[in-house]
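Read the structure below first, then the notes.
In the numbering used here, the protein residues as written are 2 to 257.
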């Protein structure tokens, strides 16, 4: 399949989990990919290697999305290697999970800068490169905590709410340049991070508790999230502007 043949995609936080699934999906469908990581080099190197085994080019760049100098260097390296950009996916995220009354300014700044501020300044750099190629697509990964109250999630939830607001503003401002901006909000996704969390207790019981809350009866896979991201980056989605698409098997609908 060649949906994204000769397209250039940059996926932040793409060494593992959802980010890796998105990067691999684009590569399998013809794109060259900028693989970004901050702390964990080994899985990011493996992602880049897997992309190259598919016959596509991969550029591996270590960059902290909370650091504007790093962010600009990421784009400088991508532009030097590929000369342009067609797709930006902001997947990298971090945060301090604790009650609102226990949050500290450092945790707030760290979380907001990586999760939300980065989208604004990534988009500024991306838009310049995309305009040269006749347009592009920008997609961010949000979460249910942007609109629902999750335990100890106040700062991450606020950052994701800001991310979705930025998605609307950027969507309206950039569509005239041929750049679609949207977001995807997954429910509980079956990743290594989820299994690590579950391993701290009775893993099977904890995972079954998550699954029991999903009307569809199972967890979402990273590949399913990647499919929706890819759809938003495809021509049939050209009139979807500034939206957040929820992919959660009905998880956030019931009141319990």
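Where is the CB? At the ideal position from N, CA and C, for every residue including glycine. None of these values were measured; they are calculated from a predicted model.
Distance, residue j Cα to residue i Cα
i, j, result
"residue 31", "residue 40", "28 Å"
"residue 129", "residue 149", "34 Å"
"residue 208", "residue 249", "15 Å"
"residue 94", "residue 11", "15 Å"
"residue 199", "residue 177", "Because residue 199 carries a pLDDT of 48, less than 50, the predicted location of this residue cannot be relied on, and no value is offered for it."
"residue 27", "residue 123", "19 Å"
"residue 99", "residue 108", "10 Å"
"residue 1", "residue 96", "Examination of residue 1 is not possible in this model, given that the chain is present from 2 through 257 alone."
"residue 42", "residue 157", "24 Å"
"residue 15", "residue 218", "28 Å"
"residue 84", "residue 36", "16 Å"
"residue 126", "residue 63", "17 Å"
"residue 191", "residue 235", "25 Å"
"residue 145", "residue 171", "21 Å"
"residue 179", "residue 110", "32 Å"
Per-residue burial, residue i [other beta carbons within 10 Å of its own, 16 or more giving buried]
i, result
"residue 173", "exposed"
"residue 6", "exposed"
"residue 197", "A caution first: residue 197 carries a pLDDT of 46, below 50, which makes its placement in the model too unreliable to give a value."
"residue 77", "exposed"
"residue 135", "exposed"
"residue 25", "buried"
"residue 1", "Outside the displayed span of the chain (2 to 257) sits residue 1, for which this structure offers no information."
"residue 230", "buried"
"residue 89", "buried"
"residue 81", "exposed"
"residue 251", "exposed"
"residue 161", "buried"
"residue 154", "buried"
"residue 256", "exposed"
"residue 159", "buried"
"residue 254", "exposed"
"residue 213", "exposed"
"residue 101", "exposed"
Residue i and residue j closer than 7 Å at C-beta
i, j, result
"residue 33", "residue 17", "no"
"residue 120", "residue 91", "yes"
"residue 260", "residue 87", "With the chain running from 2 to 257 in the structure shown, residue 260 is simply not present."
"residue 220", "residue 247", "no"
"residue 45", "residue 38", "yes"
"residue 224", "residue 79", "no"
"residue 215", "residue 19", "no"
"residue 147", "residue 132", "no"
Limits of the unbroken beta strand (DSSP E) element including residue i
i, result
"residue 139", "137-142"
"residue 186", "180-187"
"residue 227", "Here residue 227 belongs to no beta strand (DSSP E); instead the alpha helix (DSSP H) covers 223-233."
"residue 88", "88-91"
"residue 59", "59-63"
Distance cut-off 6 Å: residue i Cβ against heavy atoms of the ligand SAM
i, result
"residue 19", "Of the ligands one can find in the structure shown there are none, so the ligand SAM has no counterpart to examine."
- Item | the region 180-189 / the region 134-149 touching (three or more Cβ pairs under 8 Å) | Contact between the region 180-189 and the region 134-149 is present, because at least three Cβ pairs lie under 8 Å.
- Meets three-Cβ-pair contact criterion under 8 Å: the region 62-76 and the region 101-118: Contact between the region 62-76 and the region 101-118 is present, because at least three Cβ pairs lie under 8 Å.
- Message: Does the contact criterion of 3 or more C-beta pairs under 8 Å hold for the region 208-221 versus the region 238-246?
- Response: By the Cβ criterion, the region 208-221 is not in contact with the region 238-246, since fewer than three pairs of Cβ atoms, one from each stretch, lie closer than 8 Å.
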